[in-house]
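For the protein sequence lines, the chains are A and B, in the order given. Using the numbering used here, read the first sequence as starting at 458 and increasing by one per residue. Using the numbering used here, read the second sequence as starting at 458 and increasing by one per residue. All C-beta atoms in this analysis are idealised placements derived from N, C-alpha and C, irrespective of residue type, glycine included. The model shown is predicted, which means the values in this text are computed figures rather than measured ones.
There are 2 protein chains.
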Amino acid sequence: MIILGVDPGLTRCGVGVVEAGASRRLSFIHVDVIRTSPDTSQDLRLLSIYNGLVDKIERFVPDTVSIERVFAQANRNTVLGTAQAAGMAMLAAAQRGIPVALHTPTEVKLAITGNGKADKPQVERMVMRILNLSQMPTPPDAADALAQAMCHALRPAGALQGGEREQHLTAAQRQWAVAAQRAKHRRGVDRGM
Amino acid sequence: MIILGVDPGLTRCGVGVVEAGASRRLSFIHVDVIRTSPDTSQDLRLLSIYNGLVDKIERFVPDTVSIERVFAQANRNTVLGTAQAAGMAMLAAAQRGIPVALHTPTEVKLAITGNGKADKPQVERMVMRILNLSQMPTPPDAADALAQAMCHALRPAGALQGGEREQHLTAAQRQWAVAAQRAKHRRGVDRGM
Numbered sequence: 458m459i460i461l462g463v464d465p466g467l468t469r470c471g472v473g474v475v476e477a478g479a480s481r482r483l484s485f486i487h488v489d490v491i492r493t494s495p496d497t498s499q500d501l502r503l504l505s506i507y508n509g510l511v512d513k514i515e516r517f518v519p520d521t522v523s524i525e526r527v528f529a530q531a532n533r534n535t536v537l538g539t540a541q542a543a544g545m546a547m548l549a550a551a552q553r554g555i556p557v558a559l560h561t562p563t564e565v566k567l568a569i570t571g572n573g574k575a576d577k578p579q580v581e582r583m584v585m586r587i588l589n590l591s592q593m594p595t596p597p598d599a600a601d602a603l604a605q606a607m608c609h610a611l612r613p614a615g616a617l618q619g620g621e622r623e624q625h626l627t628a629a630q631r632q633w634a635v636a637a638q639r640a641k642h643r644r645g646v647d648r649g650m
Numbered sequence: 458m459i460i461l462g463v464d465p466g467l468t469r470c471g472v473g474v475v476e477a478g479a480s481r482r483l484s485f486i487h488v489d490v491i492r493t494s495p496d497t498s499q500d501l502r503l504l505s506i507y508n509g510l511v512d513k514i515e516r517f518v519p520d521t522v523s524i525e526r527v528f529a530q531a532n533r534n535t536v537l538g539t540a541q542a543a544g545m546a547m548l549a550a551a552q553r554g555i556p557v558a559l560h561t562p563t564e565v566k567l568a569i570t571g572n573g574k575a576d577k578p579q580v581e582r583m584v585m586r587i588l589n590l591s592q593m594p595t596p597p598d599a600a601d602a603l604a605q606a607m608c609h610a611l612r613p614a615g616a617l618q619g620g621e622r623e624q625h626l627t628a629a630q631r632q633w634a635v636a637a638q639r640a641k642h643r644r645g646v647d648r649g650m
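Printed below as a string of structure tokens:
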């Protein structure tokens, strides 16, 4: 199963591709950053991001496109452009019938390190270890996109399947359920996303 | 000159088309609302809006697509979906080489009524009068999309052309310059959009 992760952004949009094999073994396939200039008009920046994402999707033919979930509470300076870049990824996937998953930064940290409050270096070390990379891809948007793709493959079984299974969850699944519940609550606030 | 106005939204996305002739005479061409259900996933909603907008653009072949400018300070419940719907309109226009204009609600009110703080009924009455409509299109998203298209045609000459002409502005042009300046300041805050 090929997963294409997207760390959306208007200036730098990270794209990371991993393959999930048997026993959730993950292999690194590709990582890149699509860049646009703040001197370009908004519509042409979105067109560049869209075209860049379409190129990646057609090249790697992912089974799922996993995108960082954006919240209205995020950095006001960049949140609208980030939401629009995420929208470009959703459109490019939906046009090809590819399922879209949205994972919050907390879900990503939890799936990769087992700790939803892990700091960036902890997450990066685990990404390098799991994917057998000799060095971490830069800029951070590239690493975040890989982590987003990995999150979708590594999230605990039973995650997001609702309350009826909660009493049988492992510790990791319980942590995930709490994070998912919080995201659901915030989704209520942010129905736009 | 054909102008296609967009009042972006995820649940209801208004589209209004007007033709601007000699002496800024405006004629009504088309108005519609693209609707998506909150029960549908975000990616498929954006795909529906994008496809609906592409249909309108290919049918009416506008010279400009004029879209309401979204601010991060707007309603947190809907702002991200609104920004993404605006992104779909920008992409659909940019893919066809059609210039995109963004106008704030204050600019729209100012261009149509001469008063940037006009209330909705005042704006609607002027839209009906200018376009010779016997009744106002509903829902409000349809009316707002027409007003957005009209704003682009009716904005004062010299609007948005910078400070060097300010000393020669008419009263309407001065009001516009103030509104544009405010929008520019807010754009600084909202560089994402």
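Cutoff 7 Å; reference A/Leu567; Cβ partners in own chain excluding five residues on either side: Cβ neighbours of A/Leu567 beyond the five flanking positions: Gly573, Gln632, Trp633 and Ala636.
Whether B/Leu590 touches A/Ala551 by CB criterion (7 Å): No, the Cβ-Cβ distance between B/Leu590 and A/Ala551 is not below 7 Å.
CA-to-CA distance, A/Ala600 to A/Val475, given in whole angstroms: When rounded, the distance between both Cα atoms is 12 Å.
Cα-Cα separation, B/Gln624 to A/Met545: Since pLDDT at B/Gln624 reaches only 47, below the 50 mark, its modelled position is unreliable, and no value is offered.
Residue closest to A/Ala543, alpha-carbon to alpha-carbon, out of A/Asp576, A/Lys577, A/Ile491 and A/Ile587: Closest by alpha carbon: A/Ile491.
Exposed unless 16 or more other CB atoms sit within 10 angstroms - verdict on A/Ala479: Per the 10 Å Cβ criterion, exposed.
Beta-bridge pairing of B/Ser523 - partner residues as DSSP gives them: Within the DSSP bridge table, the entry for B/Ser523 names B/Gly462 and B/Ala558 as partners.
Enclosing alpha helix (DSSP H) for B/Asp489 [first to last residue]: First-last for B/Asp489: Leu483 to Arg492, but that is the beta strand (DSSP E), not the alpha helix (DSSP H).
Interface partners of B/Met583 on chain A, CB under 9 Å: Under the 9 Å cutoff, chain A gives no residues; its nearest Cβ is about 28 Å from B/Met583.
Cβ neighbour criterion (16 or more within 10 Å) applied to B/Val518: Exposure of B/Val518 is indicated by the presence of fewer than 16 other C-beta atoms within 10 angstroms of its C-beta.
Exposed unless 16 or more other CB atoms sit within 10 angstroms - verdict on B/Thr561: Buried, because 16 or more other Cβ atoms sit within 10 Å of the Cβ of B/Thr561.
Chain-ordered neighbours of A/Arg482 on chain B, where CB pairs are closer than 8 Å: Correct list: empty, because the minimum Cβ distance to chain B is about 28 Å.
Beta-bridge partners of B/Gly473, as assigned by DSSP: Answer is B/Gly462 and B/Val488.
Proximity test, Cβ basis, 7 Å: B/Leu503 and chain A: Among the residues facing chain A, B/Leu503 is included, as its CB has a counterpart in that chain under 7 Å away.
Run of the alpha helix (DSSP H) containing A/Gln579, from where it starts to where it stops: Under the DSSP assignment, A/Gln579 falls in the alpha helix (DSSP H) whose first and last residues are Lys577 to Leu588.
Coarse secondary structure for B/Gln632, derived from DSSP in three states: In the structure shown, B/Gln632 sits in a helix (DSSP, three-state: H, G or I).
CB contact flag (A/Gly473, A/Leu603, <7 Å): Closer than 7 Å, so yes.
C-beta contact flag for A/Thr521 and A/Pro556 at 7 Å: Yes, these two residues count as a Cβ contact at 7 Å.
A/Gly554 burial status per 10 Å Cβ neighbour count (16 or more: buried): Note on A/Gly554: under 16 other CB atoms within 10 angstroms of its CB, so exposed under the neighbour-count rule.
Contact set between the segment 518-543 of chain A and chain B, restricted to residues whose Cβ is under 7 Å from the partner: Against chain B - using a Cβ distance shorter than 7 Å - the residues of the segment 518-543 of chain A are Val527, Ala529, Arg533, Asn534, Thr535, Val536, Leu537, Gly538, Thr539, Ala540 and Gln541.
Pick from B/Ala477, B/Leu537 and B/Asp576 that is closest to B/Thr468, judged by C-alpha positions: The candidate whose alpha carbon is nearest that of B/Thr468 is B/Leu537.
C-beta neighbour in chain B for A/Asp489, strict 7 Å: Not closer than 7 Å to any Cβ of chain B, the Cβ of A/Asp489 fails to qualify, so no.
Any chain B beta carbon closer than 7 Å to A/Gly471: Under the Cβ distance rule, A/Gly471 does not count among the residues neighbouring chain B, no pair being separated by less than 7 Å.
Under 8 Å from the C-beta of B/Val557: neighbouring residues of chain A: Under the 8 Å cutoff, chain A gives Ser498, Gln499 and Asp500.
Sequence-distant residues of the same chain with beta carbon closer than 8 Å to A/Ala531, five excluded per side: Setting aside the 5 residues that flank it on each side, A/Ala531 is surrounded in the same chain by Thr539, each with a C-beta closer than 8 Å to its C-beta; the list follows chain order.
Extent of the continuous alpha helix (DSSP H) to which B/Lys513 belongs: From DSSP, the alpha helix (DSSP H) with B/Lys513 extends over Gln499 to Phe517.
Proximal chain B residues relative to A/Gln552, where beta-carbon distance stays under 7 Å: Against A/Gln552, the close residues of chain B are Leu504, in the order they occur along the chain (beta-carbon pairs closer than 7 Å).
DSSP state of B/Ser591 mapped onto helix, strand, coil: Correct three-state label for B/Ser591: coil.
Rounded separation between B/Lys513 and A/Glu515 - CA only: So the two alpha carbons sit approximately 27 Å from each other.
Alpha carbon of A/Arg481 to alpha carbon of A/Ile506, nearest angstrom: When rounded, the distance between both Cα atoms is 30 Å.
When A/Cys608, A/Asp464 and A/Ile569 are compared against A/Glu525, the one with the closest alpha-carbon: Taking A/Glu525 as reference, the option from A/Cys608, A/Asp464 and A/Ile569 with the minimal CA-CA separation is A/Asp464.
Under 7 Å between C-beta atoms of B/Ala606 and B/Ser523: Pairing B/Ala606 with B/Ser523 gives a Cβ-Cβ distance under 7 Å.
Rounded C-alpha distance that separates B/Arg533 from A/Thr595: B/Arg533 and A/Thr595 have their C-alpha atoms roughly 32 Å apart.
C-alpha gap between B/Met585 and A/Val488, whole angstroms: Cα to Cα, B/Met585 sits roughly 53 Å from A/Val488.
Check whether B/Leu548 and A/Leu504 have beta carbons under 7 Å apart: Yes. Within cutoff.
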